[in-house]
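What follows is a short report on a single structure.
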Amino acid sequence: MLVNIIIIFISGLIVGSFLNVCIYRLPRGKNIVWPPSHCPNCDIKIKLYENIPVFSYFFLKGKCSNCAEKISVRYPGVELLTGLLFVLIPAISGFWLWDLRFYFSAIFISFLIINFFSDIETELIPDSPVYIIIFLGLFYGFIKGDMFSSFIGAILGFCLLHTISFLGKFFYKKDVLGDGDIKLAAAFGSFLGWQGLLPALMLGYIIGGAVSIILILTKTKKLKDYIPFAPALTLGTLITLFYGSYIINFYVANFL
Ligand SMILES: [Zn+2]
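Position in the sequence shown (from 1) plus 1161 gives the number in our numbering.
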């Protein structure tokens, strides 16, 4: 069991290293496989031993070996986060490496990480992974024998957020949601199914509301500023991915 956990953790670190590339390149419309990793400041190609997840960051003391440009702490952060979240798949959901559901969960978590950091850093949600996840979500639903739930989830995610966006524009005369948020909700609905989408949205709004209040109280943002909703929705979705059935059972037992 310990060997499996170590394998999963190291795989997560390596995948996280690739997610860092996606987070930087996808919102900028760059190719994610070519050219190989290079320093964004001096363009020097990063050597293989400088590209070891987490370890290299500390070995290089957080700086480019050529121009001494600071490397964002997001790089080792995303690598560690991916490793830890991959380990939570068997720990919480009970899906191990020999279970197909492990791989679907890992792909979905990778997608959540890309969106979370892309949106925080650039306020952009890259399109192509969203379409891949809508398709994969439907396929996952098909494998689980409930493609209908995925299909309804995708449509519901799109329609619900589209309505909220429309109402927001109507009442506040400004964009309360980006187009990216609407497509994102469709992808989450496709993957979680409609039963999972509802708690994810609810959690997203609670987290988003709480973070907005903190940002406004600490004067980091003003009331009229645009506060990205996607990171909150992404967190809500991650919690639902792991604890969705508990949340639904709790709701049914207490409120229905
Ligand atoms: Zn450099």
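Don't be surprised by glycine CBs; every beta carbon is placed ideally from N, CA and C.
Bear in mind that the values here come from a model prediction, so they are computed numbers and not experimental data.
Exercise. How would you call aspartate 1386, buried or exposed, if buried means at least 16 neighbouring beta carbons within 10 angstroms?
Worked result: Within the sequence shown, residue 1386 is the residue found at index 225, counting from 1. So aspartate 1386 counts as exposed.
For this session: Please name the residue, chosen from Leu1297, Asn1410, Asn1181, that lies closest to isoleucine 1277 on a Cα-to-Cα basis.
Result: Mapped onto the sequence shown, residue 1277 falls at position 116. In the sequence as displayed, the identity of residue 1277 is phenylalanine instead of isoleucine. Here the closest residue by C-alpha is Asn1181.
Exercise. Near threonine 1401, which residues of its chain fall below 7 Å by C-beta distance, leaving aside the five closest residues on each side in sequence?
Worked result: Numbered from 1 along the sequence shown, position 240 holds the residue referred to as residue 1401. So the qualifying residues of the chain are Leu1353, Gly1357, Pro1360, Ala1361, Leu1364, Ile1408.
Exercise. Do isoleucine 1275 and leucine 1187 have their CB atoms nearer than 8 Å?
Worked result: Indexing the sequence shown from 1 puts residue 1275 at position 114. Indexing the sequence shown from 1 puts residue 1187 at position 26. Closer than 8 Å, so yes.
For this session: With threonine 1398 as the anchor, note down where its alpha helix (DSSP H) starts and where it stops.
Result: Counted from its first residue, the sequence shown places residue 1398 at position 237. Unbroken alpha helix (DSSP H) run through threonine 1398: 1391-1416.
Exercise. What number of angstroms, rounded off, separates the C-alpha of glycine 1397 from the C-alpha of isoleucine 1368?
Worked result: Residue numbering aside, residue 1397 sits at position 236 when the sequence shown is read from its first letter. Residue numbering aside, residue 1368 sits at position 207 when the sequence shown is read from its first letter. Approximately 7 Å, taken between the alpha carbons.
For this session: Inspect the CB distances between the region 1321-1328 and the region 1288-1306 and report whether three or more fall short of 8 Å.
Result: no
Exercise. Can at least three beta-carbon pairs, one atom from the region 1206-1216 and one from the region 1258-1273, be found at a separation below 8 Å?
Worked result: no
Exercise. Under 7 Å from any heavy atom of ligand 1, does the C-beta of isoleucine 1293 make it?
Worked result: Walking along the sequence shown from the start, residue 1293 turns up at place 132. No - ligand 1 has no heavy atom lying nearer than 7 Å to the Cβ of isoleucine 1293.
For this session: Could you spell out the range, first to last residue, of the alpha helix (DSSP H) harbouring aspartate 1204?
Result: On the sequence shown, residue 1204 is found 43 positions in, with the first residue counted as 1. No alpha helix (DSSP H) holds aspartate 1204; DSSP gives it neither H nor E.
Problem set entry | Within the region 1206-1241, ranges of the beta strand (DSSP E) (whole runs, at least 3 residues) | none
Problem set entry | Separation of phenylalanine 1312 from phenylalanine 1256, as counted between CA atoms | Here residue 1256 refers to the residue found at position 95 when the sequence shown is read from its first residue. Here residue 1312 refers to the residue found at position 151 when the sequence shown is read from its first residue. Going by the C-alpha atoms only, they are around 24 Å apart.
Problem set entry | leucine 1241 versus Ile1171, Ser1310, Asn1202, residue with shortest Cα-Cα distance | Position 80 of the sequence shown, counted from the first residue, corresponds to residue 1241. Nearest option by C-alpha distance: Ile1171.
Exercise. Within the present structure, is the beta-carbon of glutamate 1230 separated from the nearest heavy atom of ligand 1 by less than 7 Å?
Worked result: What you label residue 1230 is simply residue 69 of the sequence shown in a count that begins at 1. Yes.
For this session: To the nearest angstrom, report how far apart tyrosine 1301 and serine 1279 are at their CA atoms.
Result: Your numbering for residue 1301 matches position 140 in the sequence shown. Your numbering for residue 1279 matches position 118 in the sequence shown. Whole-angstrom Cα-Cα distance: 25 Å.
Problem set entry | Of the listed residues Gly1223, Leu1249, Leu1338, nearest to proline 1237 (C-alpha basis) | Mapped onto the sequence shown, residue 1237 falls at position 76. Looking at the Cα atoms, Gly1223 is the closest of the given residues.
Problem set entry | Classification of isoleucine 1286 by the beta-carbon crowding that lies within 10 angstroms, buried from 16 upward | The residue given as residue 1286 occupies position 125 in the sequence shown. Buried: at least 16 other Cβ atoms inside 10 Å.
Problem set entry | Given isoleucine 1316 as reference, the closest of Ile1293, Tyr1333, Phe1331, Ala1346 once Cα atoms are compared | In the sequence shown, the residue the question calls residue 1316 occupies position 155. Answer by Cα proximity: Ala1346.
Exercise. Between which two residues does the alpha helix (DSSP H) harbouring proline 1287 extend?
Worked result: Looking up residue 1287 in the sequence shown gives position 126. Where proline 1287 is concerned, there is no enclosing alpha helix (DSSP H), given that its DSSP letter is neither H nor E.
Exercise. Helix or strand or just coil, what does DSSP make of glycine 1255?
Worked result: Here the question's residue 1255 lines up with position 94 in the sequence shown. Glycine 1255: coil per DSSP, three-state reduction.
Exercise. Going by the C-beta, is isoleucine 1205 closer than 7 Å to any heavy atom of ligand 1?
Worked result: As a working mapping, residue 1205 is identified with position 44 in the sequence shown. Flag set: Cβ of isoleucine 1205 near ligand 1.
For this session: Select from Arg1235, Lys1334, Met1162 the residue whose C-alpha is nearest the C-alpha of isoleucine 1281.
Result: Position 120 of the sequence shown, counted from the first residue, corresponds to residue 1281. Among Arg1235, Lys1334, Met1162, the Cα nearest to that of isoleucine 1281 is on Arg1235.
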